[in-house]
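Working notes for the structure below.
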Amino acid sequence: MATSEFLAPRLTGARFEGHSIPFEVLRDLIALDDMVREVAKHKFLQDNPGRKRVPKGFSTGVRLRLGQIEEGSAVPKILLEMDDSVEAGHIQYFNRAREDIVEAIGAAGGDRNLQGILPPKALSCFDRLGRSLEDGEAIEFTTAAITTPAKLNKEVRRKLILASPTMTGVSETITLRGLIPEADQERNTFKIRLVDGRQIIAPITEQHREAIFESFNKYNSGARVELSGIGRYDRTNRLVRLDSLAEITPLDALDVGARLDELALLQNDWIDGAKAPSRPGLAWFQSEFDQRFDGGLPTPHVYPTVAGGIQLEWSNDEVEATLEVNLGTKAAHWHLVFLNDDAEEERALNLSSPSDWAWLNDKLREVFVP
Amino acid sequence: MNDGTELRRQVHPSWIQNERVTSQAFRPTPKDKGKLSTYHGDLIQAKESWQHYTGVLQLESLGVQAVTVLECKTQNVMPTHDREDYDEHVSVDFNGKNDSQARSISSKLRHAAAARGWQYRP
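These protein sequences, in sequence, are chains A and B. Count along the first sequence from 1, add 1, and you get the number used in the numbering used here. With the first letter of the second sequence counted as 1, position 84 gets the number 75 in the numbering used here; the numbers rise by one all the way through.
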């Protein structure tokens, strides 16, 4: 059996900074194995136009393996393993397949023509490769011949998938929040109604059946849930359904993500002369809040400000606290007033800074946790 | 208008979350020129004020809360029955207050209004 180094893609983004790779991303990488095999077969048949199929063992005797994860964000070292039964010369098809895949990624990233680089079946494998990539994350590929990294991110992946004429859309891991107004036991599906009124159909899975029906039964009391799973988008980037459901979580009445979803629908002039909060700004805040806010502390109420920011508020019988956030500069203004003696505290915070989030958590703990 | 007169304040839908109203509803926005608009509670009931605000003025409100004249005076923001725009109009004057003072005052007025509860919810 012969083993050779095949690829060492570099995963970039906050999730990979600890030199580790989440399982869901590893699962995505498995698609690379199918893709390489598909392209290698295509190459072989191109070189051998008289043949209708590849030799026995051509693909079953060759496999990709994960070697180790090297440092540098996270770099999984992928090895090509070839059984002795496979003709040694066939390795060239797998190596050429690798070059074509990386070339196609680079071409999509550089807005170059993708025509003819990969067969449609291989392009459709991108529907699994990189499916769990989030905004700001990428998988960078280089080879001995292609030294400028070809970056596979959400946008590039979408271009590659849609370059295949057989693909009707793109799938991505997504998180949705909303109510469950409908569940169909015959079809084994349910609908989630998003804050903007869209209703998305999703499968009822045995594992989540109880949670789905519990939320369905609480529809009239406004019980919202958060779903995560694989979403299916059409060619116009419209979410059409959830292909699979990974998790369902009932949401707190004050859930900040659900509230930010509502605020994202505001338009300029929502109140006389007011600016609407920007969607990228809200997404940034939600990500920071999810990472840095101590979930054991009281959840804030969140309101839009006329300046296009948001204001978080906490209160009890003795104090009123506000944190006004500028979503553009990421600066925040903390204000605390004691109702009985008129004492107050103020502080300017930078919410890009983990230490300022730590200060906020400490302050809230001091004031609101007995 | 006496110290006990309730000053009715209309609340925009986005400034209500789970029945709680933001303190921003109790301070003027930049376009208000330092004056918070309210309805004179001795002259108009909460429901009628809401009907006037949404029907005649064609503005958005999802409920009415109230603070008293005394609560405003205690915070040194003086109410004046100025009849601007409509007969029951009372302005609460925040002019001369800096941003920090306005935040404190609005937080305290919010607290007082919350303790009083909704005057009207459509």
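Backbone N, C-alpha and C fix where the C-beta goes; we use that ideal spot for every residue, glycine too. Being a predicted model, the structure only gives us computed values, none of them experimental.
Per-residue burial, residue i [other beta carbons within 10 Å of its own, 16 or more giving buried]
i: residue 2 of chain A; result: exposed
i: residue 370 of chain A; result: exposed
i: residue 177 of chain A; result: buried
i: residue 253 of chain A; result: exposed
i: residue 15 of chain B; result: buried
i: residue 48 of chain B; result: exposed
i: residue 323 of chain A; result: buried
i: residue 96 of chain A; result: buried
i: residue 23 of chain A; result: exposed
i: residue 25 of chain A; result: exposed
i: residue 192 of chain A; result: buried
i: residue 8 of chain B; result: buried
Proximity test, Cβ basis, 7 Å: residue i and chain A
i: residue 49 of chain B; result: no
i: residue 22 of chain B; result: yes
i: residue 102 of chain B; result: yes
i: residue 0 of chain B; result: no
i: residue 109 of chain B; result: no
i: residue 8 of chain B; result: yes
i: residue 74 of chain B; result: no
i: residue 52 of chain B; result: no
i: residue 80 of chain B; result: no
i: residue 13 of chain B; result: yes
i: residue 28 of chain B; result: no
i: residue 18 of chain B; result: no
i: residue 31 of chain B; result: no
i: residue 112 of chain B; result: no
Range covered by the alpha helix (DSSP H) that runs through residue i
i: residue 35 of chain A; result: 24 to 48
i: residue 258 of chain A; result: 257 to 264
i: residue 65 of chain B; result: 60 to 65
i: residue 42 of chain B; result: 37 to 42
i: residue 356 of chain A; result: 355 to 369
i: residue 284 of chain A; result: 280 to 293
i: residue 164 of chain A; result: Counting along the chain, residue 164 of chain A falls outside any alpha helix (DSSP H), and DSSP gives it neither H nor E.
i: residue 101 of chain B; result: 90 to 107
i: residue 311 of chain A; result: Where residue 311 of chain A is concerned, there is no enclosing alpha helix (DSSP H), although the beta strand (DSSP E) it sits in stretches over 311 to 316.
Cutoff 7 Å: residue i Cβ touching any chain B Cβ
i: residue 262 of chain A; result: no
i: residue 43 of chain A; result: no
i: residue 340 of chain A; result: yes
i: residue 304 of chain A; result: yes
i: residue 321 of chain A; result: yes
i: residue 346 of chain A; result: no
i: residue 295 of chain A; result: no
i: residue 209 of chain A; result: no
i: residue 326 of chain A; result: no
i: residue 368 of chain A; result: no
i: residue 196 of chain A; result: no
i: residue 272 of chain A; result: yes
i: residue 349 of chain A; result: no
i: residue 212 of chain A; result: no
i: residue 257 of chain A; result: no
Per DSSP, the bridge partner or partners of residue i
i: residue 175 of chain A; result: A/230
i: residue 200 of chain A; result: A/194
i: residue 149 of chain A; result: Per DSSP, none; premise fails for residue 149 of chain A.
i: residue 119 of chain B; result: What the structure shows of chain B is the stretch from -8 to 113, and residue 119 of chain B is not part of that stretch, so it cannot be assessed.
i: residue 9 of chain B; result: Bridge partners of residue 9 of chain B: none, in fact.
i: residue 71 of chain A; result: A/76
i: residue 184 of chain A; result: A/191
i: residue 123 of chain A; result: According to DSSP, which records beta bridges pairwise, residue 123 of chain A is partnered with nothing at all.
i: residue 114 of chain B; result: Any property of residue 114 of chain B remains undetermined from this structure, which presents chain B solely from -8 to 113.
i: residue 276 of chain A; result: A/308
Chain C contact residues for residue i, given Cβ-Cβ distances below 8 Å
i: residue 42 of chain B; result: You won't find chain C in this structure, because its protein chains are A and B.
Endpoints, beta strand (DSSP E) assigned at residue i
i: residue 5 of chain A; result: 3 to 8
i: residue 91 of chain A; result: Unbroken run through residue 91 of chain A: none, as it is neither H nor E.
i: residue 11 of chain A; result: 11 to 13
i: residue 28 of chain B; result: 26 to 31
i: residue 222 of chain A; result: Premise fails: residue 222 of chain A is in no beta strand (DSSP E) and is neither H nor E.
i: residue 333 of chain A; result: 332 to 339
i: residue 321 of chain A; result: 320 to 326
i: residue 19 of chain B; result: From DSSP, residue 19 of chain B is part of no beta strand (DSSP E); its letter is neither H nor E.
i: residue 1 of chain A; result: Because residue 1 of chain A is not part of the residues shown, which for chain A are 2 to 371, the question remains open.
i: residue 2 of chain B; result: First-last for residue 2 of chain B: undefined, no H or E at that position.
Cβ-heavy atom distance, residue i to the ligand MN, below 6 Å
i: residue 51 of chain B; result: No copy of the ligand MN occurs in the structure displayed, which carries no ligand at all.
Spell out a yes or no on whether the region 168 to 176 of chain A and the region 121 to 136 of chain A are touching, meaning 3 or more CB-CB pairs, one atom from each, closer than 8 Å. yes
Is there contact between the region 36 to 44 of chain B and the region 346 to 359 of chain A, where contact requires at least three CB pairs shorter than 8 Å? no
Is there contact here, the region 9 to 27 of chain A with the region 136 to 146 of chain A, by at least three beta-carbon pairs under 8 Å? yes
Check whether the region 20 to 36 of chain B touches the region 266 to 278 of chain A, counting contact only when three or more Cβ pairs, one atom from each stretch, lie closer than 8 Å. yes
Contact the region 98 to 118 of chain A vs the region 57 to 66 of chain A: 3+ CB pairs below 8 Å: no
How do the region 191 to 203 of chain A and the region 146 to 156 of chain A stand: do at least 3 beta-carbon pairs fall below 8 Å, yes or no? no
Quick check: the region 152 to 167 of chain A against the region 107 to 127 of chain A, are at least 3 beta-carbon pairs closer than 8 Å? yes
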